[in-house]
Each structure stands twice: as C-alpha cells, then as structure tokens.
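One point on numbering: in my numbering, the residue at position 90 of the sequence shown is 400, and numbering is uninterrupted.
All remarks here apply to the structure that follows.
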Amino acid sequence: MDDNASTLLPAQKCIFMEREEFDVIKTDVLNFLAGNEENEDTFNAIAISLFSHAYEHNKPYRSYCKKKGVVVAHVNTWRDIPAVSTDAFKTAELRTVPSQQCNRSFKTSGTTSEVQGVHYHEDLEVYDVSAIKSFRSFVGSERRPTAILFPHESNMMHSSLAHYLSLIRKEYGTWDSDHFITEEGYEHERFLSWLHAHRDQRRTF
Numbered sequence: 311m312d313d314n315a316s317t318l319l320p321a322q323k324c325i326f327m328e329r330e331e332f333d334v335i336k337t338d339v340l341n342f343l344a345g346n347e348e349n350e351d352t353f354n355a356i357a358i359s360l361f362s363h364a365y366e367h368n369k370p371y372r373s374y375c376k377k378k379g380v381v382v383a384h385v386n387t388w389r390d391i392p393a394v395s396t397d398a399f400k401t402a403e404l405r406t407v408p409s410q411q412c413n414r415s416f417k418t419s420g421t422t423s424e425v426q427g428v429h430y431h432e433d434l435e436v437y438d439v440s441a442i443k444s445f446r447s448f449v450g451s452e453r454r455p456t457a458i459l460f461p462h463e464s465n466m467m468h469s470s471l472a473h474y475l476s477l478i479r480k481e482y483g484t485w486d487s488d489h490f491i492t493e494e495g496y497e498h499e500r501f502l503s504w505l506h507a508h509r510d511q512r513r514t515f
C-alpha cells in the first residue's frame with residue numbers, strides 16, 4: 311500500500327484501498343490484452359479478481375449473486391461467474407466507482423421496452439484496447455476505405471456501437487472513410503457516389 315494511506319482516516323483509507331485495488335485490476339487487464347499469448351490460467355486469475363472486486367463493491371450485483379447461491383469462495387474459473395442480462399442495466403447501477411467519476415455512459419437501444427439501461431464507464435481505455443485488438447484479430451490491421459451506415463459518435467454519445475464504429479474508422483479506415491447516416495438521415499446519394507468511386511477497390515469495408 312502507498313505510504314500516503316497511513317495518514318488517512320478509516321473511511322478515507324477504505325476508499326484509497328478500493329481505488330488501489332481497482333487500478334491494479336485495470337492494469338492486469340490491459341497487460342493481458344497487450345500480450346499475444348492466450349493463457350487461460352492468467353485469464354481465470356484476472357476474471358476472478360475482477361469478480362471479487364465487483365462482488366465486494368457493487369451491492370446490486372452482490373445481491374444478484376447471492377440469490378443465485380454464488381459467493382466468491384465458490385468461483386474457481388471464469389465460467390462460475392454469474393452473468394447478467396442487458397435488462398439488469400435498466401434496474402440497477404452496475405458500477406464500482408462513484409457516478410461523478412464516470413466520464414462516459416452508454417445506453418441500451420430500448421427496443422424491448424421504453425426503459426433504457428445504462429452502462430457506466432470511468433474511462434474507455436479497456437473498452438477501446440479490447441475493441442481494437444478484437445478487430446485486428448478477426449478482420450485484420452490493414453487500413454481500408456470504410457463506409458459506415460451508422461451515425462458518428464458525436465451524434466450519438468450514449469451509443470456504444472456509435473463509439474465502436476467511430477473508433478474502428480479512426481484506427482483502421484483510410485482518409486476517405488465516412489459515415490452515411492447523419493443528422494439529416496440516411497444520405498443515399500452520397501453513399502452511392504462513394505461506392506461508385508471505390509468500385510474498383512476490392513478491399514473496402
């Protein structure tokens with residue numbers, strides 16, 4: 311523990327230790343994503359530490375786990391960790407950091423009900439690193455002309471898909487990549503012109 315923690319009051323020390331624990335887990339996750347070796351033992355260890363942190367510091371999730379008869383001592387692999395449905399984000403705040411520290415939040419589409427779920431993020435570093443690595447693994451790392459039939463994230467700040475597609479365009483798109491659904495709606499003619507301009511290029515996306 312940092313020496314600064316010794317000068318804190320009990321309540322402050324608890325917050326300090328929680329923050330320190332969170333930062334260690336985040337670093338472990340980022341290091342795992344940065345590596346090229348898929349080691350299930352390492353993955354299990356990180357998943358269990360992440361579960362333990364969520365169980366300890368998120369009361370709604372802990373209550374959900376207890377109803378399913380799961381406690382930290384029962385979890386031996388990532389497969390033992392109770393998953394929640396998207397509906398859970400409509401009724402509870404599933405986060406372990408204070409709301410004032412959450413700089414971004416994504417909302418569910420609301421297609422199944424009028425209530426939208428909210429997914430809180432302190433920052434998007436892990437989200438972005440994971441998204442970029444997954445895209446590179448399954449699609450490739452070559453930059454290519456990319457046509458996106460979805461709004462830019464600046465027009466849909468609470469959409470995780472809008473953020474993801476804008477991120478992929480930035481990381482893997484060429485200069486002429488673009489979004490063709492804007493505040494004006496679907497720009498059909500501009501999209502057709504883009505397709506015509508790239509008709510001889512096989513590696514578009």
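Ideal Cβ positions, reconstructed from N, Cα and C, are used throughout, including at glycine.
The model shown is predicted, which means the values in this text are computed figures rather than measured ones.
Selected residue, minimal CA-CA separation from residue i, among the options
| i | options | result |
| --- | --- | --- |
| VAL394 | ASP488, SER409, TYR365, GLN411 | TYR365 |
| PRO461 | SER447, LYS443, LEU477, SER451 | LEU477 |
| GLN410 | THR401, ASP433, MET467 | ASP433 |
| TYR430 | ASN368, THR387, LYS443, TYR374 | ASN368 |
| GLU463 | VAL407, LEU475, ARG453 | LEU475 |
| SER440 | VAL334, VAL339, LEU471, LYS376 | VAL339 |
| ARG389 | THR484, ALA357, GLY483 | ALA357 |
| LYS417 | MET466, TRP485, ASN386 | MET466 |
Distance cut-off 7 Å: residue i Cβ against heavy atoms of the ligand ATP
| i | result |
| --- | --- |
| GLU452 | Among the components modelled here there is no ligand, and therefore nothing to report on the ligand ATP. |
Assigned secondary structure, residue i (DSSP; H/G/I helix, E/B strand, else coil)
| i | result |
| --- | --- |
| ALA414 | A quick correction: the sequence has Arg, not Ala, at residue 414. Strand. |
| PRO370 | helix |
| ARG389 | helix |
| LYS378 | coil |
| HIS384 | helix |
| LEU404 | coil |
| ASP433 | coil |
Bridge partner(s) assigned by DSSP for residue i
| i | result |
| --- | --- |
| VAL428 | LYS417 |
Beta-carbon proximity check, residue i vs residue j, cutoff 8 Å
| i | j | result |
| --- | --- | --- |
| HIS363 | PHE399 | no |
| PHE490 | GLU481 | no |
| ALA472 | PHE501 | no |
| ARG453 | GLY483 | yes |
| CYS375 | PRO392 | yes |
Scan the region 438-499 and note each continuous alpha helix (DSSP H) run of 4 residues or more that stays entirely inside, going in chain order.
470-482
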